[in-house]
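In the working numbering, the protein residues as written are 2 to 180.
See the structure below:
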């Protein structure tokens, strides 16, 4: 569990219990409790992370923490100083391994948030572009196994059947059962 989420959960519980201790039972209702928790979430918990580059006009300048920013904007530091900007989000999946050489030397995206559907913003060897991510299955690969042939039988978990993962061998990659 993320430390921010854990800290937020503890803060909500402490505030809720203090509210229930301080408010007589006859004056409490579930709407008040929901309003209290919603307000705490809006003030304390903002999701996402700072974008790699400042690509929008900041909503305000001189922030110190996320709570200084309106709405869902978060406080991020760029060359121009600390500013409030919309957050970037990391989509699930992993960027594919780069093949030999490099792609176009252009910045078509700076964060996963800039990409359509489930595509991720991946480094292509020179710039960044939106790319379909590789599937990462649960579990982990064991120690590399010996193989009679040096070859790349897979490049990512999504190419392996069932629950198998694409694991390193002593000379390449092959599909294996996870540990």
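The C-beta atom is built at its ideal place from N, Cα and C for all residues, glycine as well.
Quick caveat, the model's predicted, so the values are computed rather than measured.
Cβ-based neighbour list, residue i, same chain, cut-off 8 Å, excluding 5 preceding and 5 following
{"i": "residue 156", "result": "97, 98, 135, 167 and 174"}
{"i": "residue 105", "result": "125, 127, 128 and 130"}
Contact set for residue i: own chain, Cβ-Cβ below 6 Å, skip 5 residues either direction
{"i": "residue 1", "result": "The requested residue 1 does not occur in the structure, where the chain is confined to residues 2 to 180."}
Limits of the unbroken beta strand (DSSP E) element including residue i
{"i": "residue 130", "result": "129-132"}
{"i": "residue 154", "result": "Counting along the chain, residue 154 falls outside any beta strand (DSSP E), and DSSP gives it neither H nor E."}
{"i": "residue 168", "result": "166-170"}
Residues near residue i in its chain [Cβ-Cβ closer than 7 Å; skip 5 each side]
{"i": "residue 165", "result": "176, 177 and 178"}
{"i": "residue 153", "result": "173 and 174"}
{"i": "residue 49", "result": "75, 88, 89 and 90"}
8 Å Cβ cutoff met for residue i and residue j
{"i": "residue 110", "j": "residue 75", "result": "no"}
{"i": "residue 84", "j": "residue 117", "result": "no"}
{"i": "residue 1", "j": "residue 94", "result": "Summary: the structure shown does not reach residue 1, with the chain confined to residues 2 through 180, and so no result is reported for it."}
{"i": "residue 81", "j": "residue 140", "result": "no"}
{"i": "residue 138", "j": "residue 113", "result": "no"}
{"i": "residue 86", "j": "residue 65", "result": "no"}
heavy atom of the ligand FAD below 7 Å from residue i C-beta
{"i": "residue 115", "result": "Ligands displayed in this structure: none; no statement on the ligand FAD is therefore possible."}
Checklist entry - When the Cβ atoms of the stretch 161-178 are set against those of the stretch 124-133, are three or more pairs found closer than 8 Å? => result no
Item to check | Stretch-stretch touch, CB-based, cutoff 8 Å, three pairs: the stretch 142-159 with the stretch 116-131 | outcome: no
Checklist entry - Which ranges would you report for the beta strand (DSSP E) in the stretch 48-120 if only whole runs of at least 3 residues count? => result 75-79 and 82-86
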